[in-house]
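This report refers to the structure that appears directly beneath it.
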Amino acid sequence: MSSDAPRGVFITFEGGEGAGKSTQIARLAETFRRVSGREVVTTREPGGTERAEALRAALLRGVAKPYGPFAEALMFAAARIDHIENLIRPALNRGAIVLCDRFSDSTRAYQGAAGGLDPALIDSLERVTLEDLRPDLTLILDLPPEAGLARARRRGAGEPADRFEAEGMRFHERLRAAFRSIAEAEPERCRVIDADLGPDAVETAIAAAIAARWPDLLPAAGEGQGQADTEREGKEREGRGHAA
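In the working numbering, the protein residues as written are 11 to 254.
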């Protein structure tokens with residue numbers, strides 16, 4: 011990275027099933043590209059690279075579930091190592107803004123608190139997989155699990171639930187509590203966003219959290235939002251016109 015290149019920014023999105031992370035990442039990426047002029051990379055976990063996406067498919071089919079949460083965590087760690095080395099670090103070294111749908115906090119929540127894996131084992135995995143990499147900001151999209159699962163069912167209408175969506179309500183309640191505990195333990199890094207609101211209100215809350223952290227990276231909440239809404243509405247009208 012050249013000495014005059016901007017420092018990369020790493021923002022992760024966490025939350026339970028159906029929290030709306032992918033929607034908000036797409037909206038935030040659009041805003042960053044328009045306002046900052048910076049390179050913006052959107053990615054996800056597990057996944058983001060060809061090898062990690064192959065592991066994602068296996069994990070969501072439940073291939074590792076019979077072997078227990080530690081085996082599952084090892085598969086997630088393998089995917090994460092490839093993702094970090096081949097996508098995240100290179101992008102940050104170029105000065106890009108990286109927006110990631112899930113990261114290491116999901117292992118703590120899913121395999122740890124909800125799955126019963128010893129936190130000491132997760133700490134060991136993190137030291138190996140992350141080395142010195144940590145998100146600059148983690149946005150935790152919080153909503154009642156029954157609401158999130160209902161959204162996930164609507165989103166995947168006609169398709170079977172994946173490995174994690176198919177878990178019982180108690181699992182998802184533990185998951186929500188785990189993400190809240192992570193936010194309480196690391197308030198400097200984490201911001202909890204009420205994801206039970208509509209997508210526009212969630213987008214505004216996310217913009218406010220980012221503007222508070224980096225005033226030079228994103229205008230204060232509301233500034234420039236009208237232009238973004240107008241552009242989005244125009245695209246939606248154009249799409250409806252093509253569909254007519």
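Ideal Cβ placement from N, Cα and C applies to all residues, glycine included.
Check                                                                                                                             : Outcome
Contacts around Arg-48, its chain only, beta-carbon distance under 6 Å, and the 5 residues preceding and following it disregarded : Ile-107
The region 130 to 139 in contact with the region 153 to 160 per 3-pair CB rule at 8 Å                                             : no
Glu-233 - DSSP class collapsed to helix/strand/coil                                                                               : Annotation note: pLDDT 49 at Glu-233 (below 50); position unreliable, coordinate value reported separately. Coil, per DSSP.
For Thr-52, the first and last residue of its enclosing beta strand (DSSP E)                                                      : 50 to 54
Terminal residues of the alpha helix (DSSP H) in which Val-212 lies                                                               : 209 to 223
Cβ shell of Gly-18 (< 6 Å), same chain only, five flanking positions each side left out                                           : Leu-102, Gly-105 and Ala-106
The region 51 to 68 / the region 214 to 221 touching (three or more Cβ pairs under 8 Å)                                           : no
Where Glu-27 sits in the DSSP three-state scheme                                                                                  : coil
Beta-carbon spacing of Ala-162, Ala-123 below 8 Å                                                                                 : no
Straight-line Cα distance separating Leu-84 from Gly-78                                                                           : 10 Å
Opening and closing residue of the beta strand (DSSP E) in which Leu-147 lies                                                     : 147 to 152
His-93 to Gly-57 span [Cα, whole Å]                                                                                               : 7 Å
Cβ-Cβ separation, Asp-115 to Ile-192 (assumed contact under 8 Å), whole Å                                                         : 5 Å
Thr-117 beta carbon less than 8 Å from that of Arg-199                                                                            : no
Endpoints, the beta strand (DSSP E) within which Leu-143 is located                                                               : From DSSP, Leu-143 is part of no beta strand (DSSP E); its letter is neither H nor E.
Closest residue to Phe-42 among Gly-30, Pro-209, Glu-196 and Phe-20 (Cα-Cα distance)                                              : Phe-20
Residues that Arg-201 bridges to, as DSSP identifies them                                                                         : Leu-149
Cut-off 6 Å between Cβ atoms - residues of its own chain near Cys-110, not counting five sequence neighbours on either side       : Thr-22 and Thr-53
Glu-196 vs Arg-112 beta-carbon contact at 8 Å                                                                                     : no
Extent of the continuous alpha helix (DSSP H) to which Leu-159 belongs                                                            : 155 to 165
Nearest residue (CA-CA) to Gln-60, options Pro-229, Gly-72, Ile-91 and Gly-30                                                     : Here residue 60 turns out to be Glu, not Gln, going by the sequence shown. Among Pro-229, Gly-72, Ile-91 and Gly-30, the Cα nearest to that of Glu-60 is on Ile-91.
Residues bridged to Val-73 [DSSP beta-bridge criterion]                                                                           : Per DSSP, none; premise fails for Val-73.
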